[in-house]
Each structure stands twice: as structure tokens, then as C-alpha cells.
Amino acid sequence: MNMTIPMDNVIALLPEMIIAAFACLVLMFDLMLPQGRKNPLAWFSLAGVALAAFATFRLTHQHISAFADTFQVDPFSNFFKLLFYLIVALVILMSRAYLQQDRIHIGEYYHFILLVLTGMMIMVSATDLMTVYMGLELVSVTLYIMAAMKRYESRSTEAGLKYFVLGSFSSAVLLYGMSLIYGVTGTTNLAAIGAFLGDGVPNSAATVGLIMMVVGLAFKVAAAPFHMWAPDVYEGSPTPITAFMSVAPKAAAFAVILRVMLEAFGGMKSDWEAIFTVIAVLTMAVGAVLALVQTSLKRMLAYSSIGHAGYALIGVVVGDALGTFSVMYYLVIYAVMNLGAFAIIIMLRNQGLMGEELDDLKGLSRTHPWAALFMLVFMFSLAGIPPTAGFIAKFYIFMAAINAGYILLAIAGALLAAVSAYYYIRVIVVMYMQEPETDHVLTAPAGLRLALVFSLLFVIGLGVFPDPLADFAQQAILSF
Amino acid sequence: MIPLSSYVILSAVLFFIGVVGVLMRRSIIVVLLSIELMLNAVNINFVAFSHYLESITGQVFVFFTLTVAAAEVAVGLALLIAIYRNRQTVNVEELDMMKW
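The following block contains the structure:
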């Protein structure tokens, strides 16, 4: 039997291999560097990301199917991979000071971030249920550990354990759905499943399998009513890790939802459309209403992140070219503006102050006008107020919905967006209208400043000139 | 010859027991075991389908699932130990530091 691997496969997998190799090397170099002088690890990880980004650039417009059609390089997956590189680079830049302050093991931190990155890249390239599952688990299992990285702190380990129990529960549900789909169709390849199911064969086992897969994936993007884990996990995890997992794995899970639903279950759209509509509306409502009563800034942003998943789900419900495009655009914008907001929270963290409560922001505009101004822009963007990118992102989502005739869904989204604007503006009120209680001592090393300035320029730049990213996303939408 | 439906029903029952275990039991160790039960229910499904469909894919999938389940349980137990060191308890109901 001929067991050589064709060169094509290696080229297709090159970015993943680079990241995985760097993840292992980081762990090795960590042992060589003396305690307290681990900074080179951050630059080394960034170099790995840059190298992988270069490899992905070379593959940008190619279509390669590798490893017996289980893995595919196409513009869609490359779009998401480039987004992940951007997110990981920003997170690495903004987390250094926090890691030192909170005594998080630095080598392991970068190792795990790169491992999650590998998993996410496999997820977005997966064209087989098997690879989808493997990528998803690599991401999830690594994130369970990351959530509990402050081993000595009760809250962090509790977050890790809650994430673990609910995450593996949802993986099992997803997997059971996959096994039913395999039983019905006799294949795990997405395209083959799509061909077999055709235009929606009335088959109860397939429907049950589909529903269980939807439930499992809804857990992963923290969509209501499967969102219960998210606020606890986001609040308890160390802040840079919260920032990371509120954007990157969510984007990867959305990529999987898009590919699985459109490629494998495109013929059964009438079945999943209703489910996703209900989930989307519930998710937006939960995100908008429950965030209003939060006193913890991190918990509020957790509910905000749930709400944003709801808007992206509208694009999934629409499901045509414009819908797919709007989801992809939304995820990019959401990722950068959310990271920006979290960067401010990371900055507030110093020896005396956790900086995670809403009250900790009191009077920030007096003590640090620049930081307050940055936060203001990110809050405006999260609320979707022009001229920020958050507005454009919501605009495309609602446009896609109206274009395809989902008028009520668009109206529900717009109303709930107005409700959620209230709590973003509350943050601004606390910063600008209240007297400072402490003089905030900001920890802002150069890397974090760089990440902040980049996010700000990105959010405002795309708010004023949305076209470049829109063109890029247009070229990358799934084509069948 | 045992019909396919027996396997599917067995798997569904096991899966249901696992779900109930995760939702109802108090000890995290039992919750971990219940999750394992759910994953193994899936494995029975895959192997049964693989046999009756005469396709090898299901069995390959089982190998992946087994490996991932082992990794998952290792991480789960590590988290369990970490939380026991901080709190001296493995009862789910006592893990309520964060609530809205």
C-alpha cells in the first residue's frame, strides 16, 4: 500500500503545521529562558503567526482539497485564518503586563494560544464531520485549561470547570447528532451529505441529528438558550483570555455553522431556518436585557458578546451570499472592537485594583482622558453608532435580512440593538459624568498601546471607509 | 443476527442516562463519568452504523472520539484537582462564586 502523502496536502496544511510547530517550540524555549525574562517568547509566537500568515497569503485565492476531502483550503477558510492571526497578534500584544501581574505561566500561555489557533484553523478548513470535530475539540479542551490558568484562584478554576462540564456536554450532543447523520447518509463528508440529503428528504433521524448538531454548535457560540456558561466563564477567566475566547473561538464556530449548514444541510434549510430564527431572537434579547443589570464590567461584556452572536445569527438565517458576507464582516468588526474594549480593562488592572467592576471606571475621563476616549469609541462601536465600524457591520446584517425578506427579524434586531445601546452608554456616563474615586494607575506597556491604537484606527477607519474589507469578504464567501 | 435498531436504542438509552447524570448529579466525578457515558453511546452508534452500512468511516471516527475523550477526561481531572485544592469540595452546588 502506498502511504506517501502528496505534496499538495502538505502545502494545504502548511500554515497549520507552522503554528503547531511554533506552539511546541515555545514550550521548549520556555524551559531555556530564565525566570522573569520570558519576553522573547511573545516575539517568537508573533513571528510564528507572521510566518503562517505569509503562508496563508500565498494560498489566498487557491482551492485545494486535501487528505481525502477532509480538509480544504479556499478563500472562505483563508479569510477566517487571516482574522485569527490578527486576533492572536492583538491578544499577544495586549496580555504581557497582565500575565506578569497575575503570575500566569507565560510559556504555557503562548503555547495554549497557538494550540487554540491551530484548532480554529482546522475548524474553518474542515469539510468533513471528523475534521470539524477534531478542530472543535482541540479548541475547546485547550480553552478549558486556559480559563483555569490562575490555578491558585478559586474564581478562575471554577470558570474552567464550568466551561469544561458544559463544553464537553455540548460536544457530546454535537457528536451524537453527527453519528445520526452518518447513520442516515453513510458518509461524514459535508458535500456528500449535502448531495445525499438533496432537497430535504423527510427523514426523522436526519432531522433529529440536525437539531442535535444545531444545539451543539449553538452552545459553542453561546447562543441563548445555551448561553448559561458564558457569563460565568468570561467573568472568572483571566482578562486577556476572556478577551481572546469571546472573539476567536466564536468566529471559528460561526465559520463551522456556515459551512455545515449551507454545504451539508443546504437542502434542509426550511428545517433549520426556524430553529435559528428563534435562537437568534432569544440570543439578542438575552444579551440586551440581562446586560442591563450587571455591575461587573466583564460580565456585562459577556452578555454583550452573547447579544452580538445573536446579530451574526441573523446572517446565518438569511443564508444567501449576502447573508454569509454580512456574518463574515460582522465577525471581523466585532472581534476588533471587543478586543479594544477588553484592552482597556486589562490596562486598569494594577496591584490595588482588579479593574473589572463598572464602578472602577468612575471618572476615568478626569484621570486618564485618552483611555476614556478610546473606551468611548469602542462602546459606540459595540452599540452600533455611526461613524464607527460597528454601525456598518449591523447595517450589512440588517440589509441582508431585509433583502431576503426577513423584515420582522430585522426589526427585532434593530429594536434590541436600541435596548442594548443603553448599557454601552451607561459605561460612558460612568466614565464622563461621575467623580473619580481612585486615581487610576494604568499599566500600559508599548505592546498594549500598539494594540489599542490599531483597534481604534481599525474601528474608525472601517466606519468611514468600509469598502476594502467588504471587497475582501465578498471574494471569500462560500460558493457552491 | 441482532438488528440495527437494537444498537441504536441501546445507544439512545445510554446517551439519555448520561444526559440525566450530567444534569442531576452533584459530584463532579459522577458528572465526568456521565459525559464519558454520552461519548461512548455515540461510539456504539458509529460502530453499529459502520457495520450495517459496510463503511469504514464510522470506525475511524470512533478512534478519534476515543482519543479526544481520553484527553478531555485528563483535563477534567486536572481541573478537578485544581478546584479541590482551592475549595476542598467537588460538589457542583457549592461552586457558586459567580452568579448574577
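Going line by line, the protein sequences match chains V and G. Mind the numbering: the first sequence is residues 1 to 480 in my numbering, read in order. Mind the numbering: the second sequence is residues 1001 to 1100 in my numbering, read in order. Note that CB positions come from ideal geometry on N, CA and C, so glycine has one too. Predicted model, so just to flag it, every value in this text is computed and none were measured.
If you keep only unbroken alpha helix (DSSP H) runs of at least 4 residues inside the region 391 to 477 of chain V, you get 407 to 433, 446 to 464, 467 to 476. When Cβ-Cβ separations below 8 Å define contact, V/A444 makes no contact with chain G.
Under the Cβ criterion of 8 Å, V/S154 is counted among the residues facing chain G.
For V/M94, the closest of V/Q475, V/D467, V/T239, V/L373 by C-alpha to C-alpha distance is V/T239. Taking each of V/L114, V/C24, V/G160, V/T127 in turn and checking the Cα distance to V/I64, the smallest one comes out for V/T127.
Taking 8 Å as the cut-off, the Cβ atoms of V/A393 and V/Y334 count as close. Listed along the chain, the chain G residues whose CB falls inside 7 Å of the CB of V/Y144 are V1075, L1079.
By the neighbour-count definition (other C-beta atoms within 10 Å, threshold 16), V/H111 is a buried residue. Counting only the Cα atoms, V/D467 lies some 26 Å from V/L262. Under the 10 Å beta carbon count, V/H61 is surrounded by fewer than 16 other beta carbons and is classified as exposed. Between the region 201 to 217 of chain V and the region 285 to 304 of chain V there are fewer than three inter-stretch CB-CB distances shorter than 8 Å, so the stretches are not counted as touching. Taking all protein chains shown into account, V/R96 has 16 or more neighbouring C-beta atoms within 10 Å of its C-beta and is therefore buried. Around the beta carbon of V/Q351, a 10 Å sphere encloses fewer than 16 other beta carbons of the protein chains shown; the residue is thus reported as exposed.
In this structure, V/S170 keeps its C-beta atom at 8 Å or more from the C-beta atom of G/I1035. The beta carbons of G/V1042 and V/A383 sit about 42 Å from each other, so the pair does not count as a contact at 8 Å.
When Cβ pairs closer than 8 Å are counted between the two stretches, the region 426 to 444 of chain V is seen not to touch the region 318 to 325 of chain V, the count staying below three. By the C-beta density criterion, G/Q1088 is exposed, having fewer than 16 other C-beta atoms within 10 angstroms. By the criterion of a C-beta distance shorter than 6 Å, V/A224 is surrounded in its chain by L282, T283, V286, once the five residues flanking it on both sides are discounted.
V/G319 and V/F265 have their C-alpha atoms roughly 11 Å apart. For chain V, the residues of the region 1051 to 1063 of chain G that bring a beta carbon within less than 8 Å of one of its beta carbons are L1053, S1055, T1057, G1058, V1060, F1061, in chain order.
Between V/V233 and V/Y163, the beta carbon gap of about 4 Å places them in contact (Cβ cut-off 8 Å). V/T388 is a Cβ neighbour of V/G463, given a cutoff of 8 Å.
Apart from the 5 residues on each side of it in sequence, V/I19 sits with its Cβ closer than 8 Å to the Cβ of G48, V49, A52, L114, L117, T118, M121 in its chain, given in chain order. What V/Y182 touches in chain G, judged by beta-carbon distance under 9 Å, is N1045, F1046, F1049, S1050, L1053, S1055, T1057, G1058, F1061, going in chain order. Between V/S246 and V/N338, the C-beta spacing is below 8 Å.
Sixteen is the threshold: when 16 or more other Cβ atoms of the shown chains lie within 10 Å of the Cβ of G/V1068, as they do, the residue is buried.
Beyond the five residues adjoining it in sequence on each side, V/F458 comes within less than 6 Å, by CB distance, of V336 in the same chain, given in chain order.
For G/A1071, the nearest beta carbon of chain V is closer than 8 Å to its own beta carbon.
In summary, V/W43 is exposed, with fewer than 16 beta-carbon neighbours lying within 10 Å of its beta-carbon over all protein chains present.
Look at V/V73 here: in three-state DSSP terms it is strand.
Annotation: the continuous alpha helix (DSSP H) that includes V/A218 extends over 204 to 220. For V/I275, the three-state secondary structure derived from DSSP is helix. The Cβ-Cβ distance between V/M268 and V/L197 falls below 8 Å. V/Y422 sits exposed, since fewer than 16 C-beta atoms from the chains shown fall within 10 Å of its C-beta. Taken through DSSP and simplified to helix, strand or coil, V/D359 comes out as helix. Here V/T242 is buried: its Cβ has 16 or more other Cβ atoms, across all protein chains shown, within 10 Å.
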